[in-house]
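S.K.: Provided herewith is a single structure, encoded as structure tokens, for subsequent inquiry.
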Amino acid sequence: MSARLGRAALWTAGVLVAAWLVAPTLVVIPLGFTDKVSLTFPPTGWSTRWYANFFGDPAWTAALANSLLVGVLVAVVATAIGTAAAFGLTRWTNGRGSAAASVLLLAPMIVPGIILAIGIYAVFLKLGLAGTLVGFVAAHTVLAMPFVVVSVTASLRTFDVRLETAAASLGAGRWATFRQVTLPLIMPGVVSGALFAFVTSFDEVVVSLFIQSPTLVTLPVQMYSSVTRETDPTLAAAATMILVLTTVLVGGGLTLAARRNRAR
Amino acid sequence: MAALLSPLSPSGPAAAATPAEKGGGSRGRARNRPFLLIVPALLVLLAVFAYPVAQTFVSAFTTPSPGTGNFAWFFGSPANVAVLTRTFSTALWATVICLCLAYPYAYLMTVASPRARATLLLIVMLPFWTSLMVRTFAWLVLLQDTGLVNGFLGLLGLGPVSLVRTQTGVLIGMVQILMPFMVLPLYSVMSGIDRRLLTAAQSLGARPLVALLRVFVPLSLPGVAAGATMVFITSLGFYVTPALLGSPSEALISQFMYTQVSGMLMWGRGGAMAVVLFAATLLLIGLLGLAMRAGRRGKAGAR
Amino acid sequence: MPVDPPEGAALPAGKGARIDLSGMTKRYGGAVAVDDVTLTVEPGEFMTFLGPSGSGKTTTLNMIAGFTDITSGTLRIDDRPVGAVPAHKRDIGVVFQHYALFPHMTVAQNVAFPLRQRRVPRAERDRLVAAALETVQLPGHASRYPRELSGGQQQRVALARAIVFSPRVLLMDEPLGALDRKLREFLQLEIKRIHREVGSTFVFVTHDQEEALVLSDRIAVFNNARIEQVGTARDLYERPATLFVARFLGESTVLRGTATPDGSRSRLDLDGFAVRASGGVRSGPAALVVRPERLRLEADESDAGGGGNAIPVTVVEEIYLGAARKLEVLLPGGARGLVREQAGTSSDLRVGDRARLCWHPDDCVLLPDDPTTERILT
Numbered sequence: 002m003s004a005r006l007g008r009a010a011l012w013t014a015g016v017l018v019a020a021w022l023v024a025p026t027l028v029v030i031p032l033g034f035t036d037k038v039s040l041t042f043p044p045t046g047w048s049t050r051w052y053a054n055f056f057g058d059p060a061w062t063a064a065l066a067n068s069l070l071v072g073v074l075v076a077v078v079a080t081a082i083g084t085a086a087a088f089g090l091t092r093w094t095n096g097r098g099s100a101a102a103s104v105l106l107l108a109p110m111i112v113p114g115i116i117l118a119i120g121i122y123a124v125f126l127k128l129g130l131a132g133t134l135v136g137f138v139a140a141h142t143v144l145a146m147p148f149v150v151v152s153v154t155a156s157l158r159t160f161d162v163r164l165e166t167a168a169a170s171l172g173a174g175r176w177a178t179f180r181q182v183t184l185p186l187i188m189p190g191v192v193s194g195a196l197f198a199f200v201t202s203f204d205e206v207v208v209s210l211f212i213q214s215p216t217l218v219t220l221p222v223q224m225y226s227s228v229t230r231e232t233d234p235t236l237a238a239a240a241t242m243i244l245v246l247t248t249v250l251v252g253g254g255l256t257l258a259a260r261r262n263r264a265r
Numbered sequence: 265m266a267a268l269l270s271p272l273s274p275s276g277p278a279a280a281a282t283p284a285e286k287g288g289g290s291r292g293r294a295r296n297r298p299f300l301l302i303v304p305a306l307l308v309l310l311a312v313f314a315y316p317v318a319q320t321f322v323s324a325f326t327t328p329s330p331g332t333g334n335f336a337w338f339f340g341s342p343a344n345v346a347v348l349t350r351t352f353s354t355a356l357w358a359t360v361i362c363l364c365l366a367y368p369y370a371y372l373m374t375v376a377s378p379r380a381r382a383t384l385l386l387i388v389m390l391p392f393w394t395s396l397m398v399r400t401f402a403w404l405v406l407l408q409d410t411g412l413v414n415g416f417l418g419l420l421g422l423g424p425v426s427l428v429r430t431q432t433g434v435l436i437g438m439v440q441i442l443m444p445f446m447v448l449p450l451y452s453v454m455s456g457i458d459r460r461l462l463t464a465a466q467s468l469g470a471r472p473l474v475a476l477l478r479v480f481v482p483l484s485l486p487g488v489a490a491g492a493t494m495v496f497i498t499s500l501g502f503y504v505t506p507a508l509l510g511s512p513s514e515a516l517i518s519q520f521m522y523t524q525v526s527g528m529l530m531w532g533r534g535g536a537m538a539v540v541l542f543a544a545t546l547l548l549i550g551l552l553g554l555a556m557r558a559g560r561r562g563k564a565g566a567r
Numbered sequence: 066m067p068v069d070p071p072e073g074a075a076l077p078a079g080k081g082a083r084i085d086l087s088g089m090t091k092r093y094g095g096a097v098a099v100d101d102v103t104l105t106v107e108p109g110e111f112m113t114f115l116g117p118s119g120s121g122k123t124t125t126l127n128m129i130a131g132f133t134d135i136t137s138g139t140l141r142i143d144d145r146p147v148g149a150v151p152a153h154k155r156d157i158g159v160v161f162q163h164y165a166l167f168p169h170m171t172v173a174q175n176v177a178f179p180l181r182q183r184r185v186p187r188a189e190r191d192r193l194v195a196a197a198l199e200t201v202q203l204p205g206h207a208s209r210y211p212r213e214l215s216g217g218q219q220q221r222v223a224l225a226r227a228i229v230f231s232p233r234v235l236l237m238d239e240p241l242g243a244l245d246r247k248l249r250e251f252l253q254l255e256i257k258r259i260h261r262e263v264g265s266t267f268v269f270v271t272h273d274q275e276e277a278l279v280l281s282d283r284i285a286v287f288n289n290a291r292i293e294q295v296g297t298a299r300d301l302y303e304r305p306a307t308l309f310v311a312r313f314l315g316e317s318t319v320l321r322g323t324a325t326p327d328g329s330r331s332r333l334d335l336d337g338f339a340v341r342a343s344g345g346v347r348s349g350p351a352a353l354v355v356r357p358e359r360l361r362l363e364a365d366e367s368d369a370g371g372g373g374n375a376i377p378v379t380v381v382e383e384i385y386l387g388a389a390r391k392l393e394v395l396l397p398g399g400a401r402g403l404v405r406e407q408a409g410t411s412s413d414l415r416v417g418d419r420a421r422l423c424w425h426p427d428d429c430v431l432l433p434d435d436p437t438t439e440r441i442l443t
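What follows is the structure, given as structure tokens:
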């Protein structure tokens, strides 16, 4: 009796917490289709004018284009470097060395973003990288790399190294083994790492706030400055698009990760 | 950290099975090659992470003039110290609220069916991957004086309550964003607890709730410690949420740093605060490590 | 691709290579995994490395394959030193206990893998893959994935993949270890047939002595990082060179005592009685080994065997095997003996009966005592 009651209470609490985690964010979707100028929720009438406004305003479209470009470049660079690093970490026989390296590789995840932002800003100002594409890609790569390393390392840990031995016995050299055996089998980890890297860059605000320039603004930065200046439902339209894009990408990444596990 | 990251790579126990004994490797000639693969990542990290951070710390002691002037400035003004204490109290509140919400949630995950567990995990991971800006913006809309929450409170005859530009608003936003950092370590520890211990305790005469409190809760403490530390140190460095949902007159240390550096170009002061923030973070991680070790030793002694 | 057999090779298929191991040693830090192993595997021979786990047989195999570096000693294949040749250039087929099939490739792609590495043209490749699958009797499974196959089928695919490029040497590391007994026995015969068909030199690692007896032309018995004895199954069974070999291969009764020369034979003093053994003269601590089928139990007290050994014993255990039965007997000093009696020629002794244990001095071997075998085998 009391056990059933406890269970019901537990589920109620769980469902409430789950709702609180998910539901609030979803208000931006209907809000983007409101016909009013104010951000009143729930909307009383519907229109697509704010999407028109978004795509008609060069500030928003440029920010979106910049974010997409930076995100894709970061995904490519972080995935290449991070995958190599994950390989090194799992194959390096020097236990202490690889432990130290993995701490360093994951450190950007725990150092408060504002500290990194200030440091990067100072260095970039000196090197003339602030407000440049290279600067954005470099800064976001550092933040995104840990996710690639974690994701690829996980798939390398489930990868059976003996398959490489088998490939060698069948005449495959190191590179052929990597291309034909190892890479296809860890591909889900690599792809989900790349997706997470893209999303990390696409969402990044703090460092971007510092290193932005009038000529190079990313979407979250544009949102940030819009929120602090004037708020109209264009923001909600932008938020909806970010939400949809990141949900699709992360969903894809998680599905790949799940498939990787099921394949075992 | 590992506990936190594991759900990104939900590899589970299968990951542990990498038998490398027989047929081992022929990596004799290439023993040092794996290290070379880490080099590009390390170079990027050194250039765009370690060097800038170190540079910030150094500037605390050298800019504008060598010495500890920046720290004297920071700790000399009660207003500045108030920022620091406010940051810590906000972090503490966020940690406590997170724990209260996350504990039953994580416990539910351990008793739920696999399918329900996967759904619960997905839901808790969602905030981790939905844009910080989007979520903060959504809270801004909901919490504003004419927003949905106040409308609801008004129906109950409670409103309107000022939520935006208050510490309450900041906490609501922060806790939602920080939930995964608490739930995941809790879940990973709880799922490792042998549930037969609960049955055993009940067979020894303990009522279910007593068994839970006396057996399960103590065993889950390492998860509580890990989660609390993660939430606490992460909330110390929060910038966007307090900046948008909080009041400018009740700034947290990150906002203060932003103003000092970006607005006033006081690099040294920013650096000094970075040192303080980082030292606090390291101290907490160190304390967590000690607590974990003591906990392990205690458990080993009991055996 | 297949190398032409050297001039004058007089072997059935003429494709097997000779493998010479000379003073091969492998050290890991201070630990010696393989200690000074010297052995020649003849072209086309089926050689089995037999020994308990940790005896160095797999490490030796891995050195031949090129998976493990050789600490010292030389390895030659057809008189060519290959110690420095990387594994993928040795042209040696390997079959692993864990199959090691590539899970993302179909059966056909798995088998074609070594041919792709050797840039064999497509048509030729398809033909060879089909032929290899035919050889392992697995046609019609080409487009399946490994996880859709049973363990036995997977191991056949692994075998096909290892022979498809006609390597002159095929190494197998406990390939049947993960399979159940019935399947294992069936595949043993298959492997034997495939060996006859492809004619390569086979080196087979196992810890299962029956498997070694069924398959091998010759067996190298490994113990403690060294080879104890190399020989045919009959050599090893009938004339073991060491007590370890005697005990590892087949069952036997071991009697320990002190040997003294006695003419062309030796005399072994046990607790309170003595026996004689022919074949070699020995002195000092020794162990006498008799196979169960060489022992006879006589129910009557009279001395039946002229010049034979006879010891009074008590039957303590009977194991019925259908075609035969095994009797365990207790000797005066507390030692135990094992007698195998064929059905039909069986005595009618029962547990608890007293009898005499008899055998001819020519039917036993006297070996230097080696107390370490107790530790390894029990």
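Residue numbers (the numbering used here), protein chains in the order written: chain F, 2 to 265; chain U, 265 to 567; chain A, 66 to 443. Built from N, CA and C at the ideal position, the CB exists for glycine as well.
(1) Would L348(U) and I517(U) qualify as a contact pair, given that the criterion is a beta-carbon distance under 8 Å?
(2) Identify which residue in S455(U), T432(U) and P472(U) has its Cα closest to the Cα of T463(U).
(3) Give the residues from the region 175–187 of chain F that approach chain A closer than 9 Å (Cβ to any Cβ), ordered along the chain.
(4) Could you tell me the distance, in whole angstroms, from the CA atom of A358(U) to the CA atom of I30(F)?
(5) Do the CB positions of M521(U) and A544(U) come within less than 8 Å of each other?
(6) Considering only residues of the same chain and omitting the five flanking positions on each side of G132(F), which have a CB-CB separation below 7 Å?
(7) If we ignore side chains and look at the alpha-carbon of each, how far apart do A314(U) and M146(F) end up?
(8) Nearest chain F C-beta to Q182(A) closer than 8 Å, yes or no?
(9) Any contact between the region 427–438 of chain U and the region 396–405 of chain U? By contact I mean 3 or more CB pairs, one from each, below 8 Å.
(10) Which of helix, strand or coil does DSSP assign to Q408(U)?
(11) Can you give, in chain order, each stretch of the alpha helix (DSSP H) that sits fully within the region 484–511 of chain U and has at least 4 residues?
(12) With a cut-off of 8 Å on the beta carbons, I'd call P168(A) and R212(A) a contact; round off their distance for me.
(13) Measure from the alpha carbon of K91(A) to the alpha carbon of each residue in D435(A), T124(A), G109(A) and F114(A), then state which is nearest.
(14) Should V474(U) be labelled buried (16 or more other beta-carbon atoms within 10 Å of its own) or exposed?
(15) What separation, rounded to the nearest whole angstrom, lies between the Cα atoms of L551(U) and R163(F)?
(16) Per DSSP, what are the beta-bridge partners of A420(A) in this structure?
(17) Say whether chain A places a C-beta atom closer than 8 Å to the C-beta of R163(F).
(18) If you follow the beta strand (DSSP E) that Y93(A) is part of, which residue opens it and which one closes it?
(19) Can you say whether S353(U) is buried or exposed, counting buried as having 16 or more other CB atoms within 10 angstroms of its CB?
(20) Measuring CB to CB, does L362(A) end up less than 8 Å from A420(A)?
(21) What first and last residue would you give for the alpha helix (DSSP H) that runs through S152(F)?
(22) So, at 8 Å on beta carbons, what are the nonlocal neighbours of L384(U) in its own chain, with the 5 sequence-adjacent residues on each side left out?
(23) Enumerate, from N- to C-terminal direction, the unbroken alpha helix (DSSP H) stretches of 4 or more residues contained entirely within the region 158–189 of chain F.
(24) Measuring CB atoms only, is the region 139–155 of chain F touching the region 201–212 of chain F, in the sense that at least three cross pairs come out at less than 8 Å?
(25) Just tell me which of L403(A), L353(A) and V394(A) has its CA closest to the CA of D434(A).
(26) What ranges does the beta strand (DSSP E) occupy inside the region 289–353 of chain A, keeping only unbroken runs of at least 3 residues that lie completely in it?
(27) Pull up the distance between the alpha-carbon of A324(A) and that of T103(A), whole angstroms please.
(28) K37(F) by DSSP, collapsed to three states: which one?
(29) Please check if any C-beta of chain F sits within less than 8 Å of the C-beta of A152(A).
(30) When you compare the CB of R155(F) with every CB in chain A, is at least one pair closer than 8 Å?
(31) Among G120(F), T45(F) and P43(F), whose alpha-carbon lies nearest the alpha-carbon of F323(U)?
(32) Pull up the distance between the alpha-carbon of V147(A) and that of Y451(U), whole angstroms please.
(33) Nearest-angstrom Cα distance between A470(U) and V388(U)?
(34) Note the first and the last residue of the continuous beta strand (DSSP E) segment covering M112(A).
(35) Check D134(A) in the structure and name its three-state DSSP category.
(36) From the beta carbon of P43(A), is the nearest beta carbon of chain F less than 8 Å away?
M.R.: Put simply:
(1) Position 84 of the second sequence, counted from the first residue, corresponds to residue 348(U). Position 253 of the second sequence, counted from the first residue, corresponds to residue 517(U). Contact flag set, yes.
(2) Residue mapping note: residue 463(U) aligns to position 199 of the second sequence, counting from 1. Comparing Cα-Cα distances from T463(U) to each of S455(U), T432(U) and P472(U), the minimum goes to P472(U).
(3) R175, A177, T178, Q181, V182, P185 and L186
(4) The residue labelled residue 358(U) in the question sits at position 94 within the second sequence. The residue labelled residue 30(F) in the question sits at position 29 within the first sequence. Straight-line Cα distance between these residues: approximately 27 Å.
(5) Taking the first residue of the second sequence as position 1, residue 521(U) is located at position 257. Taking the first residue of the second sequence as position 1, residue 544(U) is located at position 280. Result no, Cβ atoms of M521(U) and A544(U) do not sit closer than 8 Å.
(6) What you label residue 132(F) is simply residue 131 of the first sequence in a count that begins at 1. The answer, listed in chain order, is I212, Q213, S214, T216 and L217.
(7) Against the second sequence, residue 314(U) aligns to sequence position 50. Against the first sequence, residue 146(F) aligns to sequence position 145. Near 14 Å, if we compare the C-alpha coordinates of M146(F) and A314(U).
(8) Here the question's residue 182(A) lines up with position 117 in the third sequence. Interface residue, yes.
(9) yes
(10) Reading the second sequence from its first residue, position 144 is the one you call residue 408(U). In the structure shown, Q408(U) sits in coil (DSSP, three-state: anything other than H, G, I, E or B).
(11) 504–509
(12) For the purposes of this step, residue 168(A) is taken as residue 103 along the third sequence, with counting starting at 1. For the purposes of this step, residue 212(A) is taken as residue 147 along the third sequence, with counting starting at 1. Going by Cβ atoms, the distance from P168(A) to R212(A) rounds to 6 Å, so yes, they are a contact pair.
(13) The sequence position of residue 91(A) within the third sequence is 26, counting from 1. It is T124(A) whose Cα lies nearest to the Cα of K91(A).
(14) For the purposes of this step, residue 474(U) is identified with residue 210 of the second sequence, where counting begins at 1. By the neighbour-count rule (16 or more Cβ atoms within 10 Å), V474(U) is not buried but exposed.
(15) Translated into positions along the second sequence, residue 551(U) becomes position 287. Translated into positions along the first sequence, residue 163(F) becomes position 162. Roughly 41 Å separates the two Cα atoms.
(16) Here residue 420(A) corresponds to residue number 355 of the third sequence, with the count starting at 1. Paired residue(s): V378(A).
(17) Counted from its first residue, the first sequence places residue 163(F) at position 162. So, interface residue.
(18) As a position in the third sequence, residue 93(A) is number 28, starting the count at 1. That run of the beta strand (DSSP E) goes I84 to Y93.
(19) Locating residue 353(U) in the second sequence gives position 89, counting from the first residue. Classification for S353(U): exposed.
(20) Translated into positions along the third sequence, residue 362(A) becomes position 297. Translated into positions along the third sequence, residue 420(A) becomes position 355. Cβ atoms of L362(A) and A420(A): closer than 8 Å.
(21) Your numbering for residue 152(F) matches position 151 in the first sequence. L134 to T159 is the span of the alpha helix (DSSP H), which, as asked, contains S152(F).
(22) Residue numbering aside, residue 384(U) sits at position 120 when the second sequence is read from its first letter. Excluding residues within five positions, the ones whose Cβ falls inside 8 Å are Y369, L372, M373 and A376.
(23) 163–170 and 175–178
(24) yes
(25) For the purposes of this step, residue 434(A) is taken as residue 369 along the third sequence, with counting starting at 1. The shortest Cα separation from D434(A) among L403(A), L353(A) and V394(A) belongs to L353(A).
(26) 291–296, 318–327, 330–334 and 339–342
(27) As a working mapping, residue 324(A) is identified with position 259 in the third sequence. As a working mapping, residue 103(A) is identified with position 38 in the third sequence. One C-alpha to the other measures close to 31 Å.
(28) Mapped onto the first sequence, residue 37(F) falls at position 36. Coil.
(29) Start at 1 with the first residue of the third sequence, and residue 152(A) comes out as number 87. At least one chain F Cβ lies under 8 Å of A152(A).
(30) Looking up residue 155(F) in the first sequence gives position 154. Arg is not the amino acid found at residue 155(F); the sequence shown has Ala there. A155(F) does not count as touching chain A.
(31) In the second sequence, the residue the question calls residue 323(U) occupies position 59. Note that residue 323(U) is Ser in the sequence shown here, rather than Phe. Of G120(F), T45(F) and P43(F), the residue nearest in Cα terms is G120(F).
(32) Counting from 1 along the third sequence, the entry for residue 147(A) is found at position 82. Counting from 1 along the second sequence, the entry for residue 451(U) is found at position 187. Each residue's alpha carbon lies about 54 Å from the other.
(33) Taking the second sequence and counting its residues from 1, one reaches residue 470(U) at position 206. Taking the second sequence and counting its residues from 1, one reaches residue 388(U) at position 124. About 33 Å.
(34) By 1-based counting over the third sequence, the position of residue 112(A) is 47. It spans F111 to L115 - the beta strand (DSSP E) in which M112(A) sits, taken as one unbroken run.
(35) The residue given as residue 134(A) occupies position 69 in the third sequence. In this structure, D134(A) counts as coil in the three-state DSSP scheme.
(36) Residue 43(A) is absent from the model: chain A starts at 66 and stops at 443.
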